[in-house]
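Quick note, in the numbering used here, the sequence shown goes up one by one and the last residue is 605.
Every residue, glycine too, gets a C-beta built ideally from N, C-alpha and C.
Worksheet for the structure shown next.
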Amino acid sequence: LEKPISLSIHQGRAIANAFPPGGKVFRTDTEVRSAKEFRQLRQIVRTGRIGRVTSVVAGVPNEQPPVPAQPEMAAPEGLDYPMWLGPAPAAPYTTHRVHQPEDLRARPGWMLIRDYCDGMICNWGTHLLDIVQWTLGAGETGPVEVRGSGTFHPAGGLSGVLAAFDVRYRYADGVTLDYRMAGRPFLRFTGTDGWVEAEWWKGLTASRPAIIADPIEADGLEARQVNEKLDFIDAIRRGRPTLIPAETGHRTNSLCQLGLIAIEMGETLRWDPGVERFVDNPTANQRLERPLREPWKLG
307 LEKPISLSIH QGRAIANAFP PGGKVFRTDT EVRSAKEFRQ LRQIVRTGRI
357 GRVTSVVAGV PNEQPPVPAQ PEMAAPEGLD YPMWLGPAPA APYTTHRVHQ
407 PEDLRARPGW MLIRDYCDGM ICNWGTHLLD IVQWTLGAGE TGPVEVRGSG
457 TFHPAGGLSG VLAAFDVRYR YADGVTLDYR MAGRPFLRFT GTDGWVEAEW
507 WKGLTASRPA IIADPIEADG LEARQVNEKL DFIDAIRRGR PTLIPAETGH
557 RTNSLCQLGL IAIEMGETLR WDPGVERFVD NPTANQRLER PLREPWKLG
């Protein structure tokens, strides 16, 4: 299932429950674990080259410009528009909402419309924050505290996603994660003995050359170096889990959604990753699920 795998933490939990370990094969479709620089980053951190991890910084590219409003149009022949909308609220068809037919390679407008996508914070965040969770060994849990700030696209157009954001998470062991829209996709892990950074497509940098210059000994920590599509096919053939099963994909997506909720609430929120609820905050807990348009429902 293409990331981000859900539009709410409630939906994500339903997906994870539907694909338990040992059941049907599920793959969260993000290719970053197949990127050499991020596999190396993880192995450097896990083998102790920067000491004990104290903090992480994650950055994603800037968001696209707002999607302007557009008069209602007739849906093209061959598109079942009510089915395209699915459980999202009823809305008039426009090419800005769905896809520009004259440029099928362009990013579609729906990726910036909150009824269908939460924008860069989740769409790109699931790439980078998956590596954070994987490296920290937190693939089946999450932080215990989150706060954030951000600005949204202006009212009046179709899009309403974040135009800028900065979120801070704190894990139970004290490690902090700062996640922001930074204009580039990167991760930096800082430890008691230095830092190492990986930028997508550009490789590694570090506080000391030896952190990345010396050969990394094979120690079984590095995951299978396979394409994400081949990982899914091989998992079916061999009856094994994929590299990113449903629970892992859900937890990463939840991390992004927690940041979005904290920004919308404008306050520091305490989170219990065991029961997946905010602590003593009924208002925040109301944001864990979204209403579904009839007749759609979670199975």
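Counted as a single uninterrupted DSSP element, the beta strand (DSSP E) harbouring G456 occupies residues E451 to F458.
In the three-state reduction of the DSSP assignment, Y387 falls in the helix class. Shown here for E369: same chain residues with a beta carbon closer than 7 Å to its own, the five before and five after excluded, namely G425, M426, V467, L468, A469 and M487 in chain order.
Contact annotation: T441 and V366 have beta-carbon atoms that are not nearer than 7 Å. The straight-line gap separating the alpha-carbon atoms of Y422 and R319 is approximately 18 Å.
Here the stretch 317-337 makes contact with the stretch 548-559; the two share three or more CB pairs at distances below 8 Å.
In the DSSP annotation of this structure, the continuous segment of the alpha helix (DSSP H) that includes G431 starts and ends at G431 to L442. When secondary structure is reduced to three states using DSSP, S465 falls in the coil class, being assigned neither helix nor strand. Annotation: the continuous beta strand (DSSP E) that includes L575 extends over L575 to D578. A straight-line Cα-Cα distance of about 4 Å links A512 and V502.
Residue range G509 to A512 is occupied by the beta strand (DSSP E) that includes T511. One thing to note: N591 has its Cβ within 7 Å of the Cβ of R583.
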